[in-house]
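> Numbering (the numbering used here), first residue to last: 35 to 275.
Glycine is no exception: its CB is placed at the ideal position from the N, C-alpha and C atoms.
Since the structure is predicted, the reported quantities are computational estimates derived from the model, not experimental observations.
Got a structure for you, written out below as structure tokens; questions coming shortly.
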Amino acid sequence: MSDEIGGKIKALVFDVFGTVVDWRSSITREIRSVGERMGVEADWEAFAGRWRAGYHDGMQAFRDGTDIWKTADQMYRDRLDLLLAEHGITDLSEPETDHLNRAWHRLDPWPDSVEGLTRLKSKFVIGTLSNGNVGLLVNMAKYGGLPWDVVFAGELVGSYKPDPKVYLMAANLLGLEPDEVMMTAAHGGDLIAAKNTGLSTAFVTRPDEFGSSGRKPDLAAPPEADVAASDFIDLAAKLGA
Numbered sequence: 035m036s037d038e039i040g041g042k043i044k045a046l047v048f049d050v051f052g053t054v055v056d057w058r059s060s061i062t063r064e065i066r067s068v069g070e071r072m073g074v075e076a077d078w079e080a081f082a083g084r085w086r087a088g089y090h091d092g093m094q095a096f097r098d099g100t101d102i103w104k105t106a107d108q109m110y111r112d113r114l115d116l117l118l119a120e121h122g123i124t125d126l127s128e129p130e131t132d133h134l135n136r137a138w139h140r141l142d143p144w145p146d147s148v149e150g151l152t153r154l155k156s157k158f159v160i161g162t163l164s165n166g167n168v169g170l171l172v173n174m175a176k177y178g179g180l181p182w183d184v185v186f187a188g189e190l191v192g193s194y195k196p197d198p199k200v201y202l203m204a205a206n207l208l209g210l211e212p213d214e215v216m217m218t219a220a221h222g223g224d225l226i227a228a229k230n231t232g233l234s235t236a237f238v239t240r241p242d243e244f245g246s247s248g249r250k251p252d253l254a255a256p257p258e259a260d261v262a263a264s265d266f267i268d269l270a271a272k273l274g275a
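Given below as structure tokens:
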């Protein structure tokens, strides 16, 4: 990263699922607990992956014009209902099912997240830039002690990343030029889309995001990344925080 880039950054915004929090382990733990209580045996890590896929499928359906815009909570609930029925878990009450669906509000931060974000916050404005809905992101921050200055979500413009207006919304609401905002993510595609809208970019590796599922995480920064770091503490050091 050049000194020119580091000197102009005023805010960092973060992808959340996978970049800031360990969704796979957290969700696997919660659904395994329910399954054990109900006497059901299954590959709960695979269940977590399929549940997560409902979020991606829901966003793609909106992009394709085959479904309306929905919050992450709604997309997760749509897929959860299907998966519970498939696994024969039919005795949960509505409050119990809603609580389980809100497991996505209770995701554990990666071990370096709180310390690294706190360091970054000492020098920069920090916030989310996620396709998760605002209420989910706020609750997740409370649960995990994530020290955001602001919570931005695609919900605020009725769209999802990689729609350019989601990235530009963060810069506009902060009153900054796009290149003064650094999109930070563990996913190359997110950073490529952000760079194409004029944002600065930081890549952080999360090698354990997909557990033993066989899916490979992004381990190398794309050429569009202005800075690459091994975790948030390393990122803070590289940005002088």
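What distance in whole Å lies between the Cβ atoms of F266 and R58, which are believed to be in contact at a cut-off of 8 Å?
Residue 58 sits at position 24 when you count from the first residue of the sequence shown. Residue 266 sits at position 232 when you count from the first residue of the sequence shown. Their Cβ separation, rounded to whole angstroms, is 18 Å, which puts R58 and F266 out of contact at 8 Å.
> Please look up how many angstroms separate the CB atoms of L180 and L151, rounded, as I've assumed it's under 8 Å.
Working through the sequence shown from its first residue, we reach residue 180 at position 146. Working through the sequence shown from its first residue, we reach residue 151 at position 117. The pair is a contact, with the Cβ atoms about 6 Å apart (cut-off 8 Å).
> Using 8 Å as the threshold, is the region 101-112 in touch with the region 156-176, meaning 3 or more CB pairs across them?
Yes: at least three Cβ pairs fall under 8 Å.
> For T124, which residues from the same chain have a beta carbon less than 8 Å from its beta carbon, with the 5 sequence-adjacent residues on both sides left out?
For the purposes of this step, residue 124 is taken as the residue at position 90 of the sequence shown. Only L118 meet the Cβ criterion.
> Do L208 and V159 have their C-beta atoms within less than 8 Å of each other?
Within the sequence shown, numbered from 1, the residue matching residue 208 stands at position 174. Within the sequence shown, numbered from 1, the residue matching residue 159 stands at position 125. Contact flag set, yes.
> How is L46 classed by DSSP in three states: helix, strand or coil?
Walking along the sequence shown from the start, residue 46 turns up at place 12. Strand at L46.
> Identify every run of the alpha helix (DSSP H) within the region 36-116, keeping only runs that are complete inside it and at least 4 residues long; order them along the chain.
Within the region 36-116, the complete alpha helix (DSSP H) runs of at least 4 residues are 37-42, 57-72, 78-98.
> Assuming G111 contacts S60 under a Cβ cut-off of 8 Å, what Cβ separation, rounded to an integer in Å, is found between them?
Locating residue 111 in the sequence shown gives position 77, where the first residue counts as 1. Locating residue 60 in the sequence shown gives position 26, where the first residue counts as 1. The identity of residue 111 in the sequence shown is Arg, whereas the question assumes Gly. Rounded, the Cβ-Cβ distance is 17 Å, inconsistent with contact.
> Closest to A177 by CA distance: which of T162, V184, D146, D142 is it?
Here residue 177 is taken as the residue at index 143 of the sequence shown, counted from 1. Note that residue 177 is Tyr in the sequence shown here, rather than Ala. Out of T162, V184, D146, D142, D142 has the C-alpha closest to the C-alpha of Y177.
> On the CB-based measure, 16 or more other CB atoms within 10 Å of its CB, does A271 come out buried or exposed?
Counting from 1 along the sequence shown, the entry for residue 271 is found at position 237. Its Cβ having fewer than 16 others within 10 Å, A271 is exposed.
> List the endpoints of the continuous beta strand (DSSP E) containing V184.
Taking the first residue of the sequence shown as 1, we reach residue 184 at position 150. 184-187 is the extent of the beta strand (DSSP E) around V184.
> Measuring straight from C-alpha to C-alpha, what distance separates S36 and V215?
By 1-based counting over the sequence shown, the position of residue 36 is 2. By 1-based counting over the sequence shown, the position of residue 215 is 181. Only weak support exists for where S36 lies, its pLDDT of 45 falling under 50; the coordinates are left without a value.
> Which residue spans inside the region 157-207 form an unbroken alpha helix (DSSP H) run of at least 4?
Here the runs fully enclosed are 168-178.
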